[in-house]
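Chemist:
Numbering (UniProt numbering), first residue to last: 1 to 505.
Take a look at the structure:
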């Protein structure tokens, strides 16, 4: 045969798209062309494929070779197309035949791998993202990758993944001489996971611990404000220990996103916790680059994003969080196209009340040295619309007797109540209270008559926006769930009001 058609995969952000690799070998002056909008990494495949074929004991056809990567309007980069191109050259030049002497059936195979000059298959980036795409796109497909990548891809349930160390092994498989082995899923060693800090380490700050439980139960954003050293960061680091373990599907999604960031994809059931430095740029937070990669908000998908020293972050970077907080996704636009990353994270932020940190917190030896103008400029670094999107605002004070305070409840006990409250939410409405909106919020979060009147008075007194008012309703619904109440009552509304700016005044 002079034409071979195989299947590969192109990666743009987290979007994995099928690519049809067509290889034609014909007469004419010897040449090797790759068409179909190839990037530099794909164009270099010509030299790698040529050397890999010769090193593996095959002939390189002395004719006009054309490899087309369709669709032609989809940009393609990296060396993951080496393997299907090399196999296509061998099939099109008639160097591979099955056990019956016919043409091997390659219709339900997806080949992904870069070739070394010796013919060895090198591991591919984003193996888990590619495997998830193959499993969802074609249940009958078999994925062939390097052993290291295949072990990661085999974590996807129901997908047949074959491990091939070299081009000669792939040829032997299609020729019927030796079957490629099924990849064995790589399992993480639980001992490699860092221990999750326990809430019992926190002495005192009872109100803040209650707010932390409330945030975990309903998926609400949390802003901790207080002078230096009162425990803001300590509390934030203990939120993942209050959240329920990730489901298998969620763990796969998180590992796929982390694989795109070139980090080791771990299938941990512990929700991720990301704490970027306040010098992080906007692309570092939301994602970007010439070849888009996920930012911190996507690496915190299904987990917690902690922004310490919130006013010190670049304002443009903070403003870029507004849409992901509402939608749970972030779209990065580039000249080659737009790609979407998941970003359903829980925001926890911490800040001082002023640049020196002591405004509003009397201390026998320290006084606030900031003028009113300095304090106003400091707080103006955070926009009102962003603050409006944070459900819980908690002020922490200095507790002089915290050494004598008994340890708080262990995280396991609090997590049990959080799990119970979340189960009530999912069984009632299919989502967390933080995601309730529109008719669903009106139906499930509607308080009794006294609660509605109390909420109306608070919204009028402090000039709340419609968003702030509805977010208060979501918090009240979570408080009712923690109490095991079917209806939101006035007491729940009154407590929820305390968590809005000005509500505790």
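We put the beta carbon where it would ideally sit given N, CA and C, even for glycine. From a predicted model like this one, the values you see are computed outputs, not experimental measurements.
Pick from 471, 299 and 408: whose alpha carbon is nearest that of residue 203?
Modeler: 408
Chemist: Leaving out the 5 sequence neighbours to the left and right, which residues in its chain are closer than 8 Å to residue 85 when beta-carbon positions are compared?
Modeler: 21, 23, 34, 45, 49 and 67
Chemist: Since residue 257 and residue 294 are thought to touch, with beta carbons under 8 Å apart, how far apart are those beta carbons, to the nearest angstrom?
Modeler: That belief holds up - the Cβ atoms of residue 257 and residue 294 are roughly 5 Å apart, short of 8 Å.
Chemist: Please report the distance separating the alpha-carbon of residue 216 from that of residue 242.
Modeler: 6 Å
Chemist: Taking C-beta to C-beta, are residue 39 and residue 82 nearer than 8 Å?
Modeler: no
Chemist: Just checking my contact of residue 444 with residue 436 at CB under 8 Å: how many whole Å lie between their CB atoms?
Modeler: 6 Å
Chemist: Output the distance between the C-alpha atoms of residue 63 and residue 108, rounded to the nearest integer angstrom.
Modeler: 28 Å
Chemist: Are the segment 477 to 487 and the segment 408 to 426 touching, with three or more C-beta to C-beta distances below 8 Å?
Modeler: Result yes; three or more Cβ-Cβ pairs closer than 8 Å.
Chemist: Among residues of its own chain, excluding the 5 on either side of residue 505, which ones have a beta-carbon nearer than 6 Å to its beta-carbon?
Modeler: Unreliable placement is indicated for residue 505, whose pLDDT of 40 sits below 50; the coordinate value is still reported in the next sentence. Cβ neighbours of residue 505 beyond the five flanking positions: none.
Chemist: Can you give the Cα-Cα distance for residue 465 and residue 205, rounded to whole angstroms?
Modeler: So the two alpha carbons sit approximately 30 Å from each other.
Chemist: Please go through the same chain and pick out, in chain order, the residues whose beta-carbon is closer than 6 Å to the beta-carbon of residue 312, but skip the five residues on each side of it.
Modeler: Excluding sequence neighbours, residue 312 sits near 278.
Chemist: Since residue 344 contacts residue 328 with CB under 8 Å, what's their CB separation in whole angstroms?
Modeler: 4 Å
Chemist: For the alpha helix (DSSP H) containing residue 16, list its first residue and its last residue.
Modeler: For residue 16, there is no enclosing alpha helix (DSSP H); the residue is found in the beta strand (DSSP E) stretching over 15 to 26.
Chemist: With which residues is residue 109 paired in a DSSP beta bridge?
Modeler: 142
Chemist: With distance defined between alpha-carbon atoms, name the residue in 174, 167, 280 and 131 nearest to residue 158.
Modeler: 131
Chemist: For a test of the three-state rule: what should DSSP assign to residue 319, helix, strand or coil?
Modeler: helix
Chemist: Measure the CB-CB distance between residue 116 and residue 52 and report whether it falls below 8 Å.
Modeler: yes
Chemist: How far does the alpha helix (DSSP H) with residue 443 in it reach, from first residue to last?
Modeler: 438 to 444
Chemist: Between which two residues does the beta strand (DSSP E) containing residue 477 stretch?
Modeler: Here residue 477 belongs to no beta strand (DSSP E); instead the alpha helix (DSSP H) covers 466 to 483.
Chemist: So, using beta-carbon positions, are residue 390 and residue 333 closer together than 8 Å?
Modeler: no
Chemist: Note down, in chain order, each residue of its chain lying with its Cβ closer than 7 Å to the Cβ of residue 250, except the 5 sequence neighbours on either side.
Modeler: 302
Chemist: Can a CB atom of chain D be found closer than 8 Å to the CB of residue 311?
Modeler: Given the protein chain composition of this structure (a single chain), no chain D is represented.
Chemist: Is the beta carbon of residue 164 less than 8 Å from the beta carbon of residue 170?
Modeler: yes
Chemist: Can you check whether the CB of residue 227 is closer than 8 Å to the CB of residue 13?
Modeler: no
Chemist: Considering just the uninterrupted stretch of the beta strand (DSSP E) at residue 413, what are its terminal residues?
Modeler: Segment 411 to 429 is the alpha helix (DSSP H) holding residue 413; no beta strand (DSSP E) there.
Chemist: Please specify which runs of the alpha helix (DSSP H), each continuous and at least 4 residues long, are wholly inside the segment 159 to 205, giving them in chain order.
Modeler: 167 to 174
Chemist: I need the straight-line Cα distance from residue 199 to residue 270, nearest angstrom please.
Modeler: 15 Å
Chemist: Does the Cβ-Cβ distance between residue 127 and residue 8 come in under 8 Å?
Modeler: no
Chemist: Hey, which unbroken runs of the alpha helix (DSSP H) at 4 residues or more fall wholly within the segment 242 to 326?
Modeler: 248 to 260, 282 to 286, 296 to 299 and 315 to 319
Chemist: Below 8 Å on the Cβ atoms is my contact criterion, and I expect residue 221 with residue 346 to pass it. Report the Cβ-Cβ distance as a whole number of Å.
Modeler: Their Cβ separation, rounded to whole angstroms, is 7 Å, which keeps residue 221 and residue 346 in contact under 8 Å.
Chemist: Tell me which residue opens and which closes the alpha helix (DSSP H) that residue 375 is part of.
Modeler: 372 to 379
Chemist: Going by DSSP, name the residue or residues bridged to residue 12.
Modeler: Beta-bridge partners assigned by DSSP to residue 12: 15.
Chemist: Do residue 395 and residue 233 come within 8 Å of each other at the CB atom, strictly closer than that value?
Modeler: Result no, Cβ atoms of residue 233 and residue 395 do not sit closer than 8 Å.
Chemist: With a Cβ-Cβ cutoff of 8 Å, do residue 451 and residue 421 count as a contact?
Modeler: With respect to the 8 Å criterion, residue 451 and residue 421 are not classified as neighbours on the basis of their beta carbons.
Chemist: For residue 508 and residue 359, which I take to be in contact (beta-carbon distance under 8 Å), what is that distance rounded to the nearest angstrom?
Modeler: Nothing about residue 508 can be reported from this structure: the residues present for the chain run from 1 to 505 only.
Chemist: Which class does residue 126 belong to by DSSP, given the choice of helix, strand or coil?
Modeler: Coil.
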